[in-house]
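Following: one structure in structure tokens, then a few remarks.
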RNA sequence: GUGGCUGUAGCUCAGCUGGUUAGAGCGUCGGUCUGUGGAACCGAAGGUCGCGGGUUCGUAUCCCGUCAGCCACCCCA
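Structure follows, in structure tokens:
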């Protein structure tokens, strides 16, 4: 056992039937994003480390201790992508997309963070996300939330809740920050050790504290809406109006602050109680300053990232997985001659776009039928010695248990007859 | 990085305070069964009891370490 090589910690293999659930979700995501006019972007799995240091923020946990960083043979520091937004913005700059007006892109793929695994958290996980650039208008914020919300709705996930907040911009956030410091500092000795650490680092995160002893101070803390500048206040009000127009149910939650440095104004999460402590399945917001910090032009942008693993956990908890329906034809040959007859027929059936399965062992009919069940086949095409002498094949509907006979003809003709019969 | 719980067959688990050849269900394979199946019955295969060390006459069982899984903190999707 000790010599057996296993998947690295915090990673997992995806095998049937789970892989089918992923494919189904991915198909929905592609269709959904494209319905909103988003085009897919794929970027390298690794990037220059500097991109994340500048894009995500030097003092974030992601950059400080969670990145898979290595030196390549050319002596360059490279990092496995820990999030998608910075690479997407880098690519947009590199291909001058931002100079061509507003852009809508979506992505789906793995990210890597060196963390201790637990419920809903892995070292390799997968995210679907969108980035909408070039619009300062709050309609863009609402649109992005709408994409995520539509996905949740399409699975009928009643447990999901959309929480939104505004954390201000360069003008008003520093003022709020000062107010928070003034509020917490006098009581610093009474706060939890975590809270004491956060005060200097990111006072906004204090609002998110789960510690019992911090609760009274959090409750009495000044609220961000009293500090928003006029522009931010108007933006937030307009966003709320837009969400109402779109019929999207949301709640305002002042504790949504988000951990990445680049967020401005709008932040939001979609939460679910099905997820344990990691209750956010989707997180996003506006990041008007990011492109500039990467050396690009001032560009407003808004987007989100949604965790595929967490989303699928929600789907599973809600029991929203539709039952697999029977499809395809099990080609059952009894004997070598029958097998030679059926092999090209199965091939032709597949060419006509219908799944065809075949088992190559010498088995009894009943054993073959069991295999057909396991494969989820809807029909069995049976040829044994009787059929060979009679010049017929039996096509059995596995659901209704009825037989019909088809003339044994050229593979192409027989396959066409099978496909026609099963199409009904 | 910190803390708690758990590692026995492909899966889910039993195995009480250490005592002869480690069990069950499901699954797999075969048989009853050359012909309307998903079942039933019978049988078989499948285990260095995560790994390493220690204690002991003797350890799946006790102790230490290590790795992994789960959960929580931190943080985030």
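Residue numbers (my numbering): 12 to 435.
Where is the CB? At the ideal position from N, CA and C, for every residue including glycine.
The structure displayed is predicted, hence computed values, not measured ones.
Based on the DSSP secondary-structure assignment, which residues constitute the bridge partners of residue i?
i	result
residue 164	DSSP lists no partner for residue 164.
residue 182	Residue 182 is not bridged to any residue.
residue 282	172, 291
residue 89	59, 81
residue 137	121
residue 143	115, 313
residue 263	175
residue 408	390, 413
residue 318	138
residue 368	341
residue 403	418
residue 51	117
residue 22	DSSP, once it has assigned bridges, lists no residue as partnering residue 22.
residue 129	132
residue 275	297
Taking 7 Å as the limit between beta carbons, can you name the residues of its chain near residue i, skipping five residues before and five after?
i	result
residue 142	96, 99, 116, 312, 314
residue 359	422, 423, 426
residue 227	none
residue 152	250, 277, 297, 313
residue 114	103, 108, 144, 145
residue 346	395, 396
When the Cα atoms are used, what is the spatial distance from residue i to residue j?
i	j	result
residue 192	residue 209	11 Å
residue 389	residue 328	29 Å
residue 401	residue 414	15 Å
residue 131	residue 24	15 Å
residue 65	residue 301	9 Å
residue 241	residue 181	13 Å
residue 1	residue 274	Nothing about residue 1 can be read from this structure; the chain reaches only from 12 to 435.
residue 8	residue 107	Nothing about residue 8 can be read from this structure; the chain reaches only from 12 to 435.
residue 42	residue 54	20 Å
residue 204	residue 267	21 Å
residue 320	residue 420	49 Å
residue 105	residue 251	34 Å
residue 383	residue 164	35 Å
residue 409	residue 376	13 Å
residue 156	residue 343	51 Å
residue 129	residue 171	21 Å
residue 67	residue 220	22 Å
residue 296	residue 49	17 Å
residue 278	residue 81	32 Å
residue 239	residue 84	49 Å
residue 22	residue 138	14 Å
residue 230	residue 101	40 Å
residue 201	residue 325	38 Å
residue 118	residue 174	23 Å
residue 399	residue 355	15 Å
residue 169	residue 93	30 Å
residue 126	residue 310	32 Å
In its own chain, which residues sit with a C-beta less than 8 Å from the C-beta of residue i, not counting the 5 before and 5 after it?
i	result
residue 361	367
residue 432	390, 406, 415, 417
residue 232	191, 194, 195, 217, 218
residue 87	59
residue 89	57, 58, 59, 60, 80, 81, 82, 83
residue 235	176, 177, 178, 179, 187, 265
residue 339	365, 366, 367, 368, 386, 387, 388, 389, 390
residue 305	62, 65, 66, 97, 100, 101, 104
With a threshold of 16 other CB atoms inside 10 Å of the CB of residue i, please say whether the residue is buried or exposed.
i	result
residue 198	exposed
residue 225	buried
residue 29	exposed
residue 411	exposed
residue 357	buried
residue 435	exposed
residue 436	Outside the displayed span of the chain (12 to 435) sits residue 436, for which this structure offers no information.
residue 269	buried
residue 18	exposed
residue 353	buried
residue 258	exposed
residue 140	buried
residue 13	Since pLDDT at residue 13 reaches only 36, below the 50 mark, its modelled position is unreliable, and no value is offered.
residue 144	buried
residue 111	exposed
residue 69	exposed
residue 133	buried
residue 260	exposed
Near residue i, which residues of its chain fall below 6 Å by C-beta distance, leaving aside the five closest residues on each side in sequence?
i	result
residue 293	159, 281, 315, 317
residue 369	342, 357
Inter-stretch contact at 8 Å, needing at least 3 Cβ pairs: the region 244 to 258 / the region 38 to 45
Too few Cβ pairs lie closer than 8 Å, so no.
Counting pairs of Cβ atoms below 8 Å between the region 68 to 76 and the region 43 to 53, do you hit three or more?
With a cut-off of 8 Å, the region 43 to 53 and the region 68 to 76 do not count as touching, because too few Cβ pairs lie within range.
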